[in-house]
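A.B. asks: Dumping the structure here so I can ask a few things about it.
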Amino acid sequence: MKLNSKLFLSFTLNFLFLILIVLFVQYKGGIKYVVNKLTNKDNSITAWDKKVSDYLPPVDGSVLFIGDSHLALHPWNEYANFKYANRAVSGYKISDINLDVIKGKPKCVVLSIGTNDIQHGSKVDLVIRNLHSLLNKIKNKWPEAFFIYVTPPDPNVELYEKLIRPKHPKITRPDEIKYKALSLCAKNNGFIVLKANTAFIDGLHIDPNSAKKIATDVQTLLNNLTIQGINRPDSLNEHGKIISEIKNPL
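Spelled out as structure tokens, the structure:
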């Protein structure tokens, strides 16, 4: 009899403990909380993105910039005459981009991402897989937009080694071949590829001259698509003439 009582007590305590776990997970956000923990994704970052997004206007009809510091550092409205929304964040890796917190339907998505993944030592094949996944998510979320990927400028290794590496020794040496793999992945996924031609004195980041040229190329593309009445990415491949009018697409 005592044995049965102990078993019953043990079962009851375990059941109550299980109930507490379920309630805790539900309080933290349910299954998404578990997924974030299993994938080592910082849930506080996701919560912060969501909180910030609630205060940001929708991106309907805008040129949407998302990615890292290559896009985050520039006042795009000073470079070209189009409505834009800049959701790029300096330091972002591919896994940091959360499309779920971006509200609205942009007419164009300009993306630059992957540099921080490479510079912090991630293997190229993993970076490309993650980028491929992100590109598909972008296309699925905004199927009526058209898409541009901005590849970083060719790195000035000499300047980078002189100015950056002494302060940040864990950051890997810039590799032009790895950057080309990013742009090739984007091109194979139907993105128009624009290349930044010049970098800041740090030897890595896009400088204002490159940003201005990118903005001009985006503006030219917007104007041509408006004239032709094209607004879907699957139409872009059928109109090579329009894409070729962009002075330096690769």
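First residue of the sequence shown: 344, per the numbering used here; consecutive thereafter.
All C-beta atoms in this analysis are idealised placements derived from N, C-alpha and C, irrespective of residue type, glycine included.
In this text, all values refer to a predicted model and were calculated from it rather than measured experimentally.
When the Cα of Asn473 is compared with those of Lys556, Asp443 and Ile437, which residue comes out closest?
C.D. replies: Of the listed residues, the one whose Cα sits closest to Asn473 is Ile437.
A.B. asks: Under DSSP, the beta strand (DSSP E) around Leu407 begins and ends at which residues?
C.D. replies: Val406 to Gly410 is the span of the beta strand (DSSP E), which, as asked, contains Leu407.
A.B. asks: State the Cα-Cα distance for the pair Lys521 and Pro418, rounded to the nearest angstrom.
C.D. replies: Answer to the nearest angstrom: the Cα atoms are 28 Å apart.
A.B. asks: Ile535 by DSSP, collapsed to three states: which one?
C.D. replies: Looking at Ile535 - three-state DSSP - the assignment turns out to be strand.
A.B. asks: Ile461 by DSSP, collapsed to three states: which one?
C.D. replies: In the structure shown, Ile461 sits in a helix (DSSP, three-state: H, G or I).
A.B. asks: What span of residues does the alpha helix (DSSP H) with Ile471 cover, start to end?
C.D. replies: Val467 to Lys484 is the span of the alpha helix (DSSP H), which, as asked, contains Ile471.
A.B. asks: Can you name the residues that DSSP bridges to Ser455?
C.D. replies: Ser455 is bridged to Gly410.
A.B. asks: How many angstroms separate the CA atom of Ala423 from the CA atom of Asp560?
C.D. replies: Each residue's Cα considered, the two are about 9 Å apart.
A.B. asks: Of all the options Pro551, Asp550, Ile362 and Val402, which has the alpha carbon lying nearest to the alpha carbon of Lys450?
C.D. replies: Of Pro551, Asp550, Ile362 and Val402, the residue nearest in Cα terms is Val402.
A.B. asks: Can you tell me whether DSSP reads Ala423 as helix, strand or coil?
C.D. replies: Three-state result, Ala423: coil.
A.B. asks: What residues match up with Ile491 in a beta bridge as DSSP calls it?
C.D. replies: Paired residues: Val453 and Ile535.
A.B. asks: Could you name the residues that DSSP lists as bridge partners for Asn429?
C.D. replies: According to DSSP, Asn429 bridges with Phe408.
A.B. asks: Measuring CB to CB, does Leu416 end up less than 9 Å from Ser405?
C.D. replies: No. Outside cutoff.
A.B. asks: Measure the CB-CB distance between Phe489 and Leu478 and report whether it falls below 9 Å.
C.D. replies: The answer is no: Cβ separation not under 9 Å.
A.B. asks: My guess is that Pro495 and Ile409 are in contact by the Cβ rule of under 8 Å, so how many angstroms apart are they, rounded?
C.D. replies: Actually they do not touch by this definition, with Cβ atoms about 15 Å apart.
A.B. asks: Expressed to the nearest angstrom, what Euclidean distance is found between the alpha-carbon atoms of Ala554 and Leu361?
C.D. replies: Looking at the two C-alpha atoms, the distance is approximately 55 Å.
A.B. asks: How is Lys448 classed by DSSP in three states: helix, strand or coil?
C.D. replies: Three-state DSSP puts Lys448 in coil, outside helix and strand.
A.B. asks: What is the rounded straight-line gap between the Cα of Asn459 and the Cα of Asp411?
C.D. replies: The straight-line gap from Cα to Cα measures roughly 8 Å.
A.B. asks: Using the Cα positions of Asn531 and Val470, report the straight-line distance between them to the nearest angstrom.
C.D. replies: When rounded, the distance between both Cα atoms is 15 Å.
A.B. asks: DSSP three-state label for Tyr435, please.
C.D. replies: Looking at Tyr435 - three-state DSSP - the assignment turns out to be coil, as it is neither helix nor strand.
A.B. asks: Rounded to whole angstroms, what is the Cα-Cα separation between Ser465 and Lys482?
C.D. replies: In a straight line, the C-alpha of Ser465 is about 25 Å away from that of Lys482.
A.B. asks: For Ser476, count neighbouring Cβ atoms within 10 angstroms of its own Cβ and tell me buried if that reaches 16, exposed if not.
C.D. replies: Counting Cβ neighbours within 10 Å, Ser476 comes out exposed, since fewer than 16 surround it.
A.B. asks: Can you check which of these residues, Asn441, Glu487 and Ala431, is closest to Leu454 by C-alpha distance?
C.D. replies: Nearest option by C-alpha distance: Ala431.
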